[in-house]
Amino acid sequence: MAFRKILLIILGGIGLIIVSVMLASLIYPSVRGIDDMSAGQTFTLPLAIPPLLEPRNESGEKVFDLVARRGNTQFRPGVETTTAGFNGAYLGPTIRAHRGDRVRMNVTNSLDEPTTVHWHGMHLPAAMDGGPHQIIDAGSTWQPHWTISNEASTLWYHPHFMGRTGPQVYSGLAGLFIIDDANSDALALPRTYGVDDIPVVVQDRKFDALG
Ligand SMILES: [Cu+2]
0 MAFRKILLII
10 LGGIGLIIVS
20 VMLASLIYPS
30 VRGIDDMSAG
40 QTFTLPLAIP
50 PLLEPRNESG
60 EKVFDLVARR
70 GNTQFRPGVE
80 TTTAGFNGAY
90 LGPTIRAHRG
100 DRVRMNVTNS
110 LDEPTTVHWH
120 GMHLPAAMDG
130 GPHQIIDAGS
140 TWQPHWTISN
150 EASTLWYHPH
160 FMGRTGPQVY
170 SGLAGLFIID
180 DANSDALALP
190 RTYGVDDIPV
200 VVQDRKFDAL
210 G
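Residue numbers (numbering that gives the first Met the number 0): 0 to 210.
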């Protein structure tokens with residue numbers, strides 16, 4: 000390619016960047032900041048931080064117990080909403096494991112309908128992954144096990160039962176699964192769970208007068 004042609008392309012590129020920056024600076028003042036959006040609003044409920052689920056060590060495996068069940072939750076004072084959760088009335092505890100860990104899950108279904116539990120984003124054998132085929136009938140326990148091979152990441156777990164995934168997740172059956180590895184261990188990051196390392200679960204909910 001001729002030198003002049005390359006120069007034109009470079010100059011054109013620089014021109015495009017300048018125009019983009021100018022446009023962005025024009026638009027920026029009209030983008031409302033987070034401070035601005037919450038101005039004048041008082042928050043009364045403390046930030047809900049899911050508890051960490053402590054595993055048992057059984058023959059070198061980290062064993063985690065999860066029980067899916069129904070419950071009631073007060074999102075607004077005096078109004079009970081019918082919800083579901085793992086080991087509680089709403090959402091599930093955070094599971095934390097390290098790359099190379101051998102893990103086993105005891106998932107008990109205390110709902111009144113079948114469910115499954117899918118480890119969203121996890122690299123593991125399909126039979127352990129809780130897709131629509133790994134059904135846990137009401138009243139029974141499923142025990143998948145695998146070796147964590149993912150790199151450091153924040154994953155989540157949730158039901159994946161055919162035709163009922165939406166309602167079950169919406170009612171609260173969802174939790175976080177945090178994976179650490181040698182890379183994340185070496186980073187100078189805050190790492191005290193719930194203190195300076197805080198998971199945030201963002202959800203979209205609508206409430207009527209009955210909760
Ligand atoms: Cu998923």
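Where a beta carbon is used, it is the ideal one built from N, C-alpha and C, also for glycine. A quick note: this is a predicted structure, and the numbers were derived from the prediction, not measured.
Item	Value
Contact test: His117 Cβ vs ligand 1 heavy atom, cutoff 7 Å	yes
DSSP state of Met127 mapped onto helix, strand, coil	helix
Trp40 burial status per 10 Å Cβ neighbour count (16 or more: buried)	Note that residue 40 corresponds to Gln in the displayed sequence, not to Trp. Label assigned to Gln40: exposed.
Close-in-space but distant-in-sequence residues of the same chain around Tyr156 (CB under 6 Å, 5 per side omitted)	Val116, Trp118, Gly174, Phe176
Selection from Ile135, Gly165, Asp136, His97 that minimises the alpha carbon distance to Ala181	His97
Cβ separation of Pro49 and Leu90, assumed to be a contact under 8 Å, to the nearest whole Å	6 Å
Proximity to Pro158 [Cα-Cα], best of Gly70, Pro124, Trp145, Phe85	Phe85
For Ala67, the three-state DSSP class (helix, strand or coil)	strand
From Ala88, Ala83, His122, Gly87, residue whose alpha carbon lies closest to that of Asp212	Within the shown structure, residues of the chain are numbered from 0 to 210, placing residue 212 beyond reach of any answer.
Distance, Asp184 Cα to Asn56 Cα	21 Å
Short CB-CB distance (under 8 Å) between Gly162 and chain B	Of the protein chains in this structure there is only one, and it is not chain B.
Val168 (DSSP reduced to helix, strand or coil)	helix
Pair within 8 Å by beta-carbon distance, Ile134 and Ala151	no
Backbone secondary structure at Ala185 - three-state DSSP	helix
Extent of the continuous beta strand (DSSP E) run through Gly174	174-179
heavy atom of ligand 1 below 7 Å from His122 C-beta	no
Beta-carbon gap between Val62 and Arg103 smaller than 8 Å	yes
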